Amino acid sequence: MSARELVVLGTASQVPTRHRNHNGYLLRWGAEGILFDPGEGTQRQMLRAGIAAHDLNRICVTHFHGDHSLGLAGVIQRVNLDRVPHEITAHYPASGRHFFERLRYATAYRETVRLTEVPVSADGVLARTAAYTLEAHRLSHPVESYGYRLTEPDGRRMLPDRLAAHGIKGPDVGRLQRDGELGGVTLDEVSEPRRGQRFAFVMDTRLCDGVRTLAEGCDMLVIESTFLDEDERLATDHGHLTAGQAARVAREAKVRHLVLTHFSQRYSDPGAFERQARAAGFTGELTIAADLLRVPLPTRHT
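Under my numbering, the sequence shown has 200 at position 173, and the numbering climbs by one with no breaks.
Encoded structure:
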């Protein structure tokens, strides 16, 4: 299993279909699991995908329409039933706090887990860890909505041939990385910059500055494409994107891997989304999301 991968739990917009569950996406980021937009049925989809409640460390909700949040009740109760031993942090638009509280306490159950709520009220950083910085940016939808972005800190890639040329090996490599210098050899002489990975999650929105900011330079962009291009006016009226709009954002932002999802039930041919994304000029890796699909993040590059 990839140390960093997207596990797709559901891909339908508003109305589930026989083949598409309501939204739900788990990002495995090393030792952490971040659950995005758990719609109705997410708990069962987790079971089908082999994801345990113990895998969750953070929950991020973009907005409080049912297809993005009705699964919260079941997921939160399952986390408590399984007595997850670590703290779980939940992010959601602050204006929807009353919806989160209603879902959190929808029925009676015994709370056994520390669930910390950190609502989002403005653009900016939500959390900094050793593995990533999590930030949110406002989107354009009929209800308040935020997209999320993870950025790994930049690092250094050690170069074996240069290490060997200086006779540096074993524990000395670690000392050089820690101290920045060893026996007159600097870290810059035996390594090169390694850009941290970047991931963005963009759901229900029209085109706006937030979409572009979130997408910029991402290794993977997961983005809604509810409508096909011929229904662009309908998309704008309802606060959504088309396949072509999402692909153009990805192309301009130099996204490496584009994942399109959140499809309207009116369309029966998933291939149409791929064709329109390519017609919009996106040439990178492209995935048309399907339920229970696993999508590895691209390998790092300088």
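Even for Gly, the Cβ is constructed at its ideal location relative to N, Cα and C. If you're wondering where the values come from, they're calculated on a predicted model, not measured in any experiment.
Per the Cβ contact rule, the stretch 148 to 167 is in contact with the stretch 233 to 249 (3 or more Cβ pairs under 8 Å). Under the three-pair Cβ rule at 8 Å, the stretch 262 to 269 does not count as touching the stretch 214 to 226. According to the DSSP assignment, residue 227 belongs to the beta strand (DSSP E) that extends over 225 to 229. As the crow flies, the alpha-carbon of residue 95 is around 6 Å from that of residue 65.
Between residue 283 and residue 311 a beta carbon distance of about 5 Å is seen, short of the 8 Å cut, so the two are scored as contacting. Between the alpha carbons of residue 231 and residue 40 lies a distance of about 9 Å.
Distance check between residue 256 and each of 245, 272, 79 and 151 places 272 closest, using alpha-carbon atoms only. In this structure, the beta-carbon distance from residue 59 to residue 163 does not fall below 9 Å. CA-CA distance, residue 258 to residue 248, rounds to 22 Å.
Annotation note: the stretch 60 to 146 contains the following uninterrupted beta strand (DSSP E) runs of length 3 or greater, listed N- to C-terminal: 85 to 87, 115 to 118 and 142 to 144. Three or more beta-carbon pairs separated by less than 8 Å are not found between the stretch 192 to 199 and the stretch 299 to 308, which leaves the two stretches without contact. About 5 Å separates the Cβ atoms of residue 228 and residue 175, confirming a contact at the 8 Å cut-off. The DSSP assignment places 187 to 192, 198 to 206 and 236 to 242 as complete runs of the alpha helix (DSSP H) inside the stretch 186 to 258, in order along the chain (cut-off: 4 residues). DSSP lists 160 as the beta-bridge partner residues of residue 155. In the structure shown, residue 49 falls within a strand segment according to DSSP collapsed to helix, strand and coil. Setting aside the 5 residues that flank it on each side, residue 38 is surrounded in the same chain by 47, 48, 50, 288, 289, 290, 316, 317 and 318, each with a C-beta closer than 8 Å to its C-beta; the list follows chain order.
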